[in-house]
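Take a look at the structure below.
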Amino acid sequence: MQHVSAIREPLVTGGKTLHDVTQDICYQVEAKPNIRWIGAMSVALFFLGIFFYSVYRTLWYGIGEWGLNKTVGWAWDITNFVWWVGIGHAGTLISAVLLLFRQKWRSSINRAAEAMTIFAVICAAMFPVLHMGRPWLAFYVFPLQNTLGSLWVNFNSPLLWDVFAISTYFTVSLVFWYTGLVPDFASIRDRAKGPIAKFSYSMLSMGWTGSAKAWSRYETVSLILAGVSTPLVLSVHTIVSMDFATAVVPGWHTTIFPPYFVAGAIFSGFAMVLTLMLITRVVFKLEDYITLEHIALMNKIMMVTGSIVGVAYITEFFIAWYSQVEYEQYAFLNRATGPYWWAYAMMMTCNVITPQLVWFRRVRYSIGLTFILSIVVNIGMWFERFVIIVTSLHRDYLPSSWAMFSPTIIDIGVFVGTLGLFFTLFLLFAKFFPVINMAEIKAILKYTVDNGPTYSNNPGHHAPATITTVTPGVPASAPVTYDKHD
Amino acid sequence: MKYWKGIEELESTPEFMSTAFAEFLPVKESHESKDATSAPRRDFLKLMGFGVAAATLASCEAPVHKAIPYLNKPEEVDPTISNFYASTYFTGSDYNAVLVKARDGRPIKLEGNPESPITRGGLSARAQAAVLDLYDSARLQHFAIKGQRTETAEVDRQIRAKLAATTGKIVIVSPTIISPSTKKAIAVFAARYGTTEHVMYDAHSASGLLQANNGVLPGYDFSRANVIVSLGADFLGTWLSPVEFAKQYVKNRKVSNDKRTMSRHFQFEASMSLTGSNADVREAIKPSEMGAVAVALYNAVVGGGNTPTFSNPRVAPQIAKAAAELKANRGASLVVAGSNDPAVQALVAALNQSLGNVGTTLDLTTPSYVRQGDDARMAALVKDMNAGTIGAVIFYNANPVYNHPLAAEVKSGIAKVPLTISFNDRLDETGSLCQYATPDNHWLESWNDFEPKRGFLSLSQPAITPIFATRQAQESLLRWAGNNETYYNFLRNNWRGVVSGPFDAAWDKAVHDGVALGTALPAAPAMLTPAMSVGDAVSRISSAPKPAANMVEVSFYEKVGIPTSGTGSNNPFLQELPDPISKATWGNYLAVSRSMAVANKWEQGDVIKISAPNVAPIELPVLVQPGQAAGTVSIALGYGRTMSGKAGDGVGANAAPLLMVANGGVMYTTVVTLEKTSAKSPIAQTQTHHTIMDRHEVVQENTLAKYKENPREVTEHEKVYTPDGMEKPNKVSLWQDYQYNNHHWGMAIDLNSCIGCGSCVLGCQTENNIAVVGKQQVINRREMHWMRIDRYYSSDHHENEFETNGKISTYAAMEDPSDNPQVIFQPMMCQQCNHAPCETVCPVLATTHSSEGLNQMTYNRCVGTRYCANNCPYKVRRFNWFSYYSNEKFETVNSHMFTDLGRMVLNPDVTVRARGVMEKCSFCIQRIQLGKLEAKKQKRRPKDGEIVSACAQSCPTDAIVFGDMRDPTTRLSQLLRREDGERAFHSLESINVQPNVTYLTKIRNSASEMFGPEEEA
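Heads up: the sequence lines are chains A and B, in that order.
Taking my numbering, the leading residue of the first sequence gets 15, the next gets one more, and so forth.
Taking my numbering, the leading residue of the second sequence gets 97, the next gets one more, and so forth.
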């Protein structure tokens, strides 16, 4: 339990009781899908169809279906990859780093943010595989024992580091997310009426009893996983940035990339979290859990990381000038003034200028403006990756090989297709999984804070020892508020 | 009662008893067991293993249905071992003595024949690609009457009967024939059918030059000329005998510390040609002013006369300069002209005469025979055909319906000739109009002889039996004349008395060498029109009408790849060979100057309608060509075929009908009106950025003056700061260097010798089974050539304007080439870096470093991330975006990988790369391995020059030297030692990838006031 100043604005508004929380959040899972959800799902499935068609064309005919050429060997594929991985950063940051920093407001959003992370990483992982000329041999990138003896992977290659970084990140995020879900699954299980739901949620909750021991282990595992994930927040995008930073291409070969990429990732991740949460809170009527305060706080993080990214952009130019390397200087001048100047202008406007609007309180607390801003930032961050990848490659060392890149319909299809994949997964999640961590949110309710240890004030209640005797309003899975040391 | 189971049990020997109650017999472990009854365990396992293997194998499909065992193995033909046969490539354009590489009985590659005193091992791009023509499925595969397959005997019978009954003249129409025996076969035919006439015409005619020299082409020797003035003659690319001339030309262009001199080359031309791009001084002039240039030059050299004025103010001073230098080098200079105007050629002949060049750089006693066509004769024939006086016409590999300016008249004439026969290899534009098609063998299936130059003989021999039911044209002529001799015997007998020494030995040697000395060609018939006097020429030039103001002058030219005759059209290798200058593939275009494009608001790719009086207009896209004379346009001939085959049909537009026939000669210039249409047609260029952007580190050049002064100062090296002061970048490295204990392969490319002809590009393509990708994929920038020639134009703007104009606008300005730019070529292929950026980034180790310094690709291991290509500073890696051998999209352009017939051309030593795999230059690893194996078999080290990459082998100017850098005695090592600190440099030295390819700085013999744009203004 914690002590919160009486004058501090509560993190969850509307005077919710513990029962209200369970009711509000489980309702979405238990009720029939509403029409808005069905509509959204239909759109998402349509885009998923585009994804499957584009992937079929890519796999059946080859990478030639894309717009790449001998000079620009990566474009939308790796742009999308880095973009999705970047988006996937917010979840871990929110659940791990903010947990370690004891930012209690994270409890409202961490579940959805983590889910978003998982789905974003799934989308991201599509691209390293799809962009391969021979994806059916993708297993070559794993250091598998083989009968050829000397065949082994190249530990010098940043792409191999990517393999490890992404797979580790995905695994840890998935475990972290799932661990958090277990008590909530148990709540749903306990309330479930239909046999299928009962069976499914029983399986998913892995026999959670809600005992003190279980809660203790839950807390410990959460802390350990938070500790494990925290370095991953930094490492994943650091390693992704090394795909470029270790290369010899002017515009890629830059030591500033690791911090710059990490900041950019958090930036775009928060933007995506905002986009999703702003929709979810309305669709699922969760305005009391995801409050304007949450939005303002996330806006601030976005603005800070956006500014870091802006400084990085300017630093690159400074270093290009300072280095006196002709190729480097040309690469950056070409970025800003060459044939792809519009992409650069997009990036600068969306990533550096627009987030500065957050300095205004009105903007920070405006739902509409924040929503627009979050979309703008995501567009900007996509262009950032496009600018880095394509404008560096299209004019590198030998002017004879300079070329332009333009995407094909399949390039676009794969990209919007992954958006379809992402939203399909997210909508399924929102429908069948509790979108807010009930267990944790209950700990920060004003009700809990005011009333102290829950059960001592409620003598009529008997200890939640079994799963069969559930008192409505206080489910077995509710946190035990024994005097633990927070 | 006991029943014994056998004698053994009855006897109950201890031996028997020991095993009687055991379930299994004891197994003997020893392999040496002599006991036949007991199977040793190992033998048992072996037998069982064999049994299983045999049973498994028997169930496999045995691919025997196409393998033919050598029951009677031909002598010298061993499976998987390549043989080389000397032969000759001449298809009416350029002559090349070749070696045919035949593998398992099928020709797979052509290489230059070093024995030839004319081409000396060089090979043109066209000849490189010619091997593909052999397997062209568009070839006519049998004799036919009106397109219907007919037995050869029946065709012969009908033709003989009709020929005998012919009343009118019988005419054989062919391009230039330099074969003495073919001419004799024609003579035999003519003797049988008395009214026979042989008319030769050339699609790229030199009729004017022949006329000016009384029916002979002078033999040129560019190597002995200190000053070369060319009036529009593209002698390095397409004019007469480019490989021969390139060999000669470059001899006096190579420089070294001991030889700090080189020839000075002036070029006056309308469109930027390969030759013009190599000139020290090049000025663009309008085609209508070419005559005036000849007059001005003549007047300046000989004296007298008035000097004409030119629309380009820079021309007159350059003519004066050229004249002064010509006069200073009497007897060691050469003036050539590409014009087909007999007046211009008469002036040029007189110029050379007065300069005393006859007998030194120009020889009328050993004339060249590669052009014998007489335009006037052909024009007369067309008239006669339409008049109905011709009884029979035989088209002998001639396609006038496509490539003659009077194509429409030829077409109508054919309809009026009672008997028409075509020897053409396919039912082309002309052949399809003929009654009888009696296709000739491909030259790789034929015996023939050639005399490209008086006294120099050359042979071709079949390297494969005829693939189709065709017959050699000469044999057809002999048959119809009632002579049943084989052409081989006919040819051999014809050589008696021609080659010296005992005949059998001399003949065998000639067949072996492919070339011989001796002359067999009968004297050419006199030209219909006699040579012109200088006075007549001058007056004719000065009285020529000036083109009307609203008309645009157009000059027609020949591409280095596609011959004007259109014979190479269905060869995808040639179609995809980038034009050395424009880097355009797959089609012709309207080359315009930038000023013209700006004035008319044309953009590259805008389709323009080109109209001339009395002919159907053609439409072509615009290409902005630096160096194009202001206010003029150029169009390449040889495109727009309609009946050449799947790959060649409909590529570009046929400009031949626009050509004018004036005074009996074909004029390669005319005037047209241009009109923009709303259509757009992108041009497939392999290079779309044209200037070097002042990146001196990429490719270096300097002046001869500077080189003479101090050869150590002509090359710039980037230096980096180190604790020990400024050092070359390769002195500091984080990397550990590789140790090369056996070989260290390397290459040196002399940029002074490279003329940019593209022969290496095709040599590499045929050697390494490189896919052809077609126009759309070239537009998508996905051509697969492992070797390319980067071409950079100079710009008027330079880095020194950064201060005044700002960096951004200066960089933008630097992207535009000069209007009359200097050109530099840089052959670019995998640099086989010792610190290769591609090797570190491959996640699966598909590209690795060899113990001999090579950067190797392991196709099997490649998963296709393309990271290596991105990280290659030279952008030489090529990705298989599609399955080029099975995706139906590529069937027309890459047909040789789709059919059994086409696949015969593939080099079995090189894998055909799968979809999704990266590929690149391997330094011809298969040749290296072969050379090493040959040496090993003979228990010795490989000798220098034994192992040569395909590009180095094919280079007509010996610009590429390949060898072992670890052996200090090799030519390469010596060259690198000599040039170290002088002209040797690595491209992009500062990024310290340490390539194994070294370039030698290009040296220009430009007068100092010509060098650098600052001084120019």
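From the three backbone atoms N, C-alpha and C, an ideal C-beta is built for every residue, glycine too.
Cutoff 8 Å: residue i Cβ touching any chain A Cβ
{"i": "A687 (chain B)", "result": "no"}
{"i": "D886 (chain B)", "result": "yes"}
{"i": "K903 (chain B)", "result": "yes"}
{"i": "W603 (chain B)", "result": "no"}
{"i": "I866 (chain B)", "result": "no"}
{"i": "Y817 (chain B)", "result": "no"}
{"i": "T1150 (chain B)", "result": "Absent from the structure is residue 1150 (chain B), since the part of chain B shown begins at 97 and ends at 1113."}
{"i": "F975 (chain B)", "result": "yes"}
{"i": "C856 (chain B)", "result": "no"}
{"i": "H945 (chain B)", "result": "no"}
{"i": "F986 (chain B)", "result": "no"}
Test: residue i CB closer than 8 Å to a CB of chain B
{"i": "A152 (chain A)", "result": "yes"}
{"i": "A139 (chain A)", "result": "no"}
{"i": "R148 (chain A)", "result": "yes"}
{"i": "S414 (chain A)", "result": "yes"}
{"i": "I423 (chain A)", "result": "no"}
{"i": "W90 (chain A)", "result": "no"}
For residue j and residue i, believed in contact at Cβ under 8 Å, the rounded distance
{"i": "V768 (chain B)", "j": "A693 (chain B)", "result": "Contact doesn't hold; Cβ gap of about 16 Å is too wide."}
{"i": "N451 (chain A)", "j": "G194 (chain A)", "result": "6 Å"}
{"i": "M993 (chain B)", "j": "V1013 (chain B)", "result": "About 15 Å; that fails the 8 Å criterion."}
{"i": "P421 (chain A)", "j": "W90 (chain A)", "result": "6 Å"}
{"i": "L755 (chain B)", "j": "P501 (chain B)", "result": "4 Å"}
Separation of residue j from residue i, as counted between CA atoms
{"i": "P245 (chain A)", "j": "T106 (chain A)", "result": "10 Å"}
{"i": "P467 (chain A)", "j": "L300 (chain A)", "result": "Low confidence applies to P467 (chain A): its pLDDT is 49, below 50, so where it sits in the model is not reliable enough to give any reading."}
{"i": "H786 (chain B)", "j": "F921 (chain B)", "result": "11 Å"}
{"i": "L430 (chain B)", "j": "A234 (chain B)", "result": "43 Å"}
{"i": "F975 (chain B)", "j": "R138 (chain B)", "result": "51 Å"}
{"i": "A302 (chain B)", "j": "V173 (chain B)", "result": "43 Å"}
{"i": "G455 (chain B)", "j": "N448 (chain B)", "result": "10 Å"}
{"i": "R256 (chain B)", "j": "A616 (chain B)", "result": "29 Å"}
{"i": "G842 (chain B)", "j": "V1093 (chain B)", "result": "6 Å"}
{"i": "V295 (chain B)", "j": "Q363 (chain B)", "result": "33 Å"}
{"i": "R203 (chain A)", "j": "L237 (chain A)", "result": "25 Å"}
{"i": "P933 (chain B)", "j": "S1018 (chain B)", "result": "16 Å"}
{"i": "C530 (chain B)", "j": "I510 (chain B)", "result": "7 Å"}
{"i": "L87 (chain B)", "j": "V346 (chain B)", "result": "Absent from the structure is residue 87 (chain B), since the part of chain B shown begins at 97 and ends at 1113."}
{"i": "S388 (chain A)", "j": "M286 (chain A)", "result": "7 Å"}
{"i": "M55 (chain A)", "j": "L439 (chain A)", "result": "9 Å"}
Check: residue i C-beta below 7 Å from any heavy atom of the ligand COA
{"i": "T1065 (chain B)", "result": "Because no ligand of any kind appears in the structure shown, any question about the ligand COA cannot be addressed here."}
Just to confirm the assignment: which complete alpha helix (DSSP H) runs, minimum length 4, are found wholly within the stretch 178-263 of chain B? 221-230, 248-261, all fully within the stretch 178-263 of chain B.
Within the chosen definition, does the stretch 714-721 of chain B reach the stretch 764-784 of chain B through at least 3 CB pairs nearer than 8 Å? In the pairwise beta carbon analysis, the stretch 714-721 of chain B is classified as touching the stretch 764-784 of chain B: at least three pairs are separated by under 8 Å.
What ranges does the beta strand (DSSP E) occupy inside the stretch 583-615 of chain B, keeping only unbroken runs of at least 3 residues that lie completely in it? Here the runs fully enclosed are 611-613.
Quick one: which unbroken alpha helix (DSSP H) runs of 4-plus residues sit fully inside the stretch 992-1024 of chain B? Chain order, please. Whole alpha helix (DSSP H) segments, 4+ residues: 996-999.
Any chance you could list the alpha helix (DSSP H) runs of at least 4 consecutive residues sitting entirely within the stretch 938-965 of chain B, in chain order? Taking only runs of at least 4 residues, no alpha helix (DSSP H) segment lies wholly in the stretch 938-965 of chain B.
Return the chain-ordered ranges of every alpha helix (DSSP H) run that is complete within the stretch 1044-1078 of chain B and spans a minimum of 4 residues. Whole alpha helix (DSSP H) segments, 4+ residues: 1046-1050, 1067-1075.
Does the stretch 181-197 of chain A come within contact of the stretch 206-224 of chain A, defined as at least 3 CB pairs closer than 8 Å? Enough Cβ pairs lie closer than 8 Å, so yes.
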